[in-house]
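Going line by line, the protein sequences match chains A and B.
Start counting the first sequence at 13; every next residue gets the next number (this note's numbering).
Start counting the second sequence at 375; every next residue gets the next number (this note's numbering).
Ideal Cβ positions, reconstructed from N, Cα and C, are used throughout, including at glycine.
Scroll down for the structure; my scribbles are underneath it.
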Amino acid sequence: MPITQYGKHQVHYELIGDTDRPIITFLNGLTQNATLWRGYADYFVPRGYAVLAYDLLGQGNSSKPIIDIKLAMHADMLDHLLEQLGIEQTHLAAISFGGVIALDFAIRHGQRLRSLTVMSTFAELTPHLEFFGAVMLQGLAEIGLPYLQHLLYPLNMSSAWIATHHEQISAMKRAGFIGNDAYALQNLMESFIDFQPLTPDLARISVPTLIMNGEFDFFTPRECHEVIRRQISNSRLLLIQHAYHAFTLEYPAVTMRQLEVFLGQISDGTWEGDQSVWIAAENPDAPVQWLTCSGDWRRAIQTGEAKTLLHESIQPHTPARRSNP
Amino acid sequence: MIEASHYDQARERISTQGFTPEIQTKISLLLSFTKSGNLMFHAGVQWQPRLDPVHQAMLAQYSRELEALTLLSRTTQWSLNPALAMRGSQILAPLTLAWGQVMLPPGPLLNPRAAYRGISLGHAQLARIRLAPVIPDPTDPLNPFVVALQRIELENGRLLQTQIRLLKNMPTEIPLAERKARVAADQHLVNGVFNDFLRWLAAD
């Protein structure tokens with residue numbers, strides 16, 4: 013894996029494909045690393061793109077500072093990496109922790125972007141997310157990395173995925189344990205202590221922006237993505253059916269297809285950033301990929317109209333009185 | 375960085391041969407040495423004249439490191455092969471030198487740079503020397519040596535908090551750039567030792 017220098021830090025990256033093609037840069041979630049995007053490179057490089065992925069500071073084979081690391085440093089480092097590689101503009105796709113970095117990058121280095129795709133992410137710490145973050149940090153510090161790893165599986169993946177991969181999870185956790193360092197993850201998480209909401213500056217993002225959110229993502233639920241959708245005028249929200257937080261891993265074929273559709277719309281001029289909400293097709297081979305969303309997408313349940321009940325003559329239920337024995 | 379393939383090779387060997395006295399001795403030599411180094415440092419700084427939370431965390435770490443050392447000594451099936459101790463000493467020589475530098479007179483209690491180095495070296499050891507990934511899956515969950523390794527691994531993660539907090543927040547006049555360089559150098563040193571160790575563990 014090639015290395016570039018950012019100050020005293022080493023940054024490991026992978027650039028696959030010719031750099032004269034449109035480039036898609038992928039940003040990792042908290043416990044991920046660049047190698048997880050290789051499947052995406054296998055998909056997009058034959059389709060005319062180049063793919064750049066790298067380990068953030070604190071991840072994989074990049075430097076893992078202990079003493080300090082500011083959240084803003086990550087976006088500045090991406091700017092530096094693109095500069096080093098002679099990349100003027102890129103499509104940027106990012107998940108979770110990487111999504112926050114991507115939003116910050118789009119606000120402060122927007123001239124470098126052709127488009128922005130943020131997945132399972134947030135622009136501000138909702139009270140729910142703040143508590144989640146605190147308990148994750150506490151678990152990491154007081155119990156240890158294996159605890160955090162164990163917690164992340166049900167947070168990230170569906171029951172169906174866990175059931176299917178039950179036998180492999182032990183080996184996956186071991187690989188994650190080797191690749192991650194608790195102190196480095198802790199440092200990344202503690203960089204949120206001074207985190208200022210990005211929400212007031214989101215309106216400065218003008219590039220086409222696709223926001224993707226899993227149907228059942230209770231880690232970064234709909235309210236997190238609604239904040240982003242409402243503030244970025246040139247955006248659309250796309251809901252991934254059946255998905256939890258880490259749908260780039262659980263439904264890679266669906267995710268890649270949606271990203272391909274989005275990038276295709278930009279290149280052929282059919283993209284409309286109108287803050288509308290869509291649902292991704294379950295089948296990546298389906299002729300229509302973005303389905304209209306009816307009802308209130310912020311709700312987990314859809315209520316019917318009262319007249320339907322009246323029409324069917326369903327009366328309020330009154331429990332039958334029990335006769336005394 | 376620690377090569378993932380070194381872990382795989384060591385685990386493969388243990389999976390094939392089991393936790394033989396030779397393998398247990400190699401692991402215990404490494405852990406005993408690193409914990410003794412950290413204990414020596416703590417013994418040198420624990421009598422500072424205050425009893426604030428930091429000092430209490432240091433005292434707690436001293437006790438826990440001692441517990442880990444005792445646990446290892448009790449559970450290890452030691453090999454009688456003297457060549458293991460000799461080869462182990464060679465692999466651990468960079469750490470012998472580093473802890474020796476920390477403890478040079480006037481010692482870490484009176485030398486702020488030595489104190490910072492001791493904390494940095496302790497951090498690198500607790501953070502980077504991780505043996506849980508060499509334990510084969512499945513393994514006998516009641517094997518005393520495996521239980522000891524798992525307990526030590528878990529405890530290391532907790533002990534590390536003292537070093538993290540001190541490296542980040544302790545009042546010091548040492549410039550930030552020098553502190554960062556110190557921490558990076560100690561990590562590099564421990565990574566080198568541990569990579570060599572894992573290769574040794576995997577070898578016949």
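Inter-residue CB distance, residue i and residue j (contact presumed, cutoff 8 Å)
i, j, result
"Thr260 of chain A", "Ile79 of chain A", "Not confirmed; about 31 Å, so no contact."
"His576 of chain B", "His380 of chain B", "Reading off the sequence shown, one finds Ala at residue 576 of chain B, where the question assumed His. Yes, Ala576 of chain B and His380 of chain B are in contact; Cβ-Cβ is about 7 Å, under 8 Å."
"Glu227 of chain A", "His254 of chain A", "6 Å"
"Trp173 of chain A", "Glu238 of chain A", "26 Å between Cβ atoms; not a contact."
"Thr102 of chain A", "Ile35 of chain A", "5 Å"
"Arg241 of chain A", "Gln270 of chain A", "Contact doesn't hold; Cβ gap of about 16 Å is too wide."
"Asp67 of chain A", "Ala87 of chain A", "With 8 Å as the limit, Asp67 of chain A and Ala87 of chain A do not qualify as a contact, their Cβ atoms being about 16 Å apart."
"Ala442 of chain B", "Lys409 of chain B", "6 Å"
"Leu2 of chain A", "Ile190 of chain A", "Absent from the structure is residue 2 of chain A, since the part of chain A shown begins at 13 and ends at 337."
"Met89 of chain A", "Tyr18 of chain A", "5 Å"
Spatial neighbours of residue i in its chain, beta-carbon cut-off 7 Å, leaving aside the 5 residues before and after
i, result
"Thr43 of chain A", "Leu164, Gly188, Asn192, Leu197"
"Thr16 of chain A", "Val23, Tyr25, Leu93, Gln96"
"Gln435 of chain B", "His416, Leu533, Thr536"
"Asn569 of chain B", "Ile376, Glu377, His380"
"Ala431 of chain B", "Thr536"
"Phe230 of chain A", "none"
Same chain, Cβ closer than 6 Å to residue i, neighbours up to 5 away in sequence not counted
i, result
"Pro337 of chain A", "With a pLDDT of 44 at Pro337 of chain A, under the threshold of 50, the modelled position of that residue is not reliable, and no figure is offered here."
"Ile244 of chain A", "Leu214, Ile217, Thr221"
"Val289 of chain A", "Leu249, Cys305, Trp309"
"Lys185 of chain A", "Gln161"
Residue range of the beta strand (DSSP E) that includes residue i
i, result
"Trp283 of chain A", "That residue, Trp283 of chain A, is in no beta strand (DSSP E); it is neither H nor E in DSSP."
"Thr221 of chain A", "221-226"
"Arg248 of chain A", "247-252"
"Val63 of chain A", "62-66"
"Ile15 of chain A", "15-18"
"Leu303 of chain A", "302-304"
"Ser127 of chain A", "125-131"
Continuous alpha helix (DSSP H) stretch holding residue i: start and end
i, result
"Ile119 of chain A", "109-120"
"Val23 of chain A", "Premise fails: Val23 of chain A lies in the beta strand (DSSP E), 21-28, not in any alpha helix (DSSP H)."
"Ile340 of chain A", "Because chain A spans 13 through 337 in this model, residue 340 of chain A falls outside it and cannot be assessed."
"Leu399 of chain B", "As written in the sequence, residue 399 of chain B is Thr, which differs from the Leu given in the question. Residues 395-419."
"Phe7 of chain A", "Because chain A is modelled from 13 through 337, residue 7 of chain A falls outside the range shown and cannot be assessed."
"Thr444 of chain B", "427-449"
"Ser463 of chain B", "456-477"
"Ile493 of chain B", "486-502"
"Leu94 of chain A", "83-96"
Nonlocal neighbours in the same chain, by C-beta distance under 8 Å from residue i, ignoring five residues either side
i, result
"Tyr195 of chain A", "Lys76, Ile78"
"Met201 of chain A", "Leu42, Gly145, Met148, Leu149, Leu152"
"Pro486 of chain B", "Thr546, Glu547, Ile548"
"Gly122 of chain A", "Arg216, Ile217, Ser218, Val219"
"Gln524 of chain B", "Ala506, Ile509"
"Glu294 of chain A", "Gln253, His254, Val266"
"Ile119 of chain A", "Leu210, Asp213, Leu214, Arg216, Ile217"
"Tyr159 of chain A", "Gly151, Leu152"
"Phe204 of chain A", "Leu83, Leu137, Gly145"
Checklist entry - Quick one: any contact between the segment 45-62 of chain A and the segment 81-90 of chain A, if contact means 3 or more CB pairs under 8 Å? => result no
Item to check | Near-chain A residues of the segment 514-539 of chain B (beta-carbon distance less than 7 Å), N- to C-terminal order | outcome: Leu528, Gly531, Arg532, Leu534, Gln535, Ile538
Next on the checklist: By the 7 Å beta-carbon criterion, what residues does the segment 146-165 of chain A contribute toward chain B?
Outcome noted: Ala153, Glu154, Gly156, Leu157
Checklist entry - Can at least three beta-carbon pairs, one atom from the segment 492-509 of chain B and one from the segment 543-561 of chain B, be found at a separation below 8 Å? => result yes
Checklist entry - Can at least three beta-carbon pairs, one atom from the segment 486-493 of chain B and one from the segment 382-400 of chain B, be found at a separation below 8 Å? => result no
Checklist entry - Which residues, in chain order, does the segment 480-502 of chain B contribute to contact with chain A at a C-beta distance below 8 Å? => result His497, Ala501, Arg502
Next on the checklist: Short of 9 Å Cβ to Cβ, which residues in the segment 549-563 of chain B face chain E?
Outcome noted: Protein chains in the displayed structure are A and B, and chain E is not among them.
Checklist entry - Listed in chain order, which residues of the segment 66-83 of chain A have Cβ atoms closer than 9 Å to some Cβ of chain B? => result Gly72, Asn73, Ser75, Lys76, Pro77, Ile78, Ile79, Asp80
Checklist entry - In the segment 237-269 of chain A, which residues sit with their C-beta less than 7 Å from some C-beta in chain B, listed in chain order? => result none
Item to check | Residues in the segment 429-463 of chain B having any Cβ partner in chain A nearer than 7 Å | outcome: The residues in question: there are none.
Next on the checklist: Please list, in chain order, the residues of the segment 179-208 of chain A that have any C-beta partner in chain B closer than 9 Å.
Outcome noted: Taking 9 Å as the Cβ-Cβ cut-off against chain B, the residues of the segment 179-208 of chain A that qualify are Ser182, Ala183, Arg186, Ala187, Phe189, Ile190, Gly191, Asp193, Ala194, Tyr195, Ala196, Gln198, Asn199, Glu202.
Next on the checklist: For the segment 267-277 of chain A against the segment 118-134 of chain A, do three or more pairs of beta-carbon atoms, one drawn from each stretch, fall closer than 8 Å, so that the two count as touching?
Outcome noted: yes
Checklist entry - So does the segment 466-485 of chain B actually touch the segment 446-457 of chain B, counting three or more Cβ pairs closer than 8 Å? => result no
Item to check | Given 8 Å, three or more beta-carbon pairs between the segment 224-234 of chain A and the segment 279-288 of chain A | outcome: no
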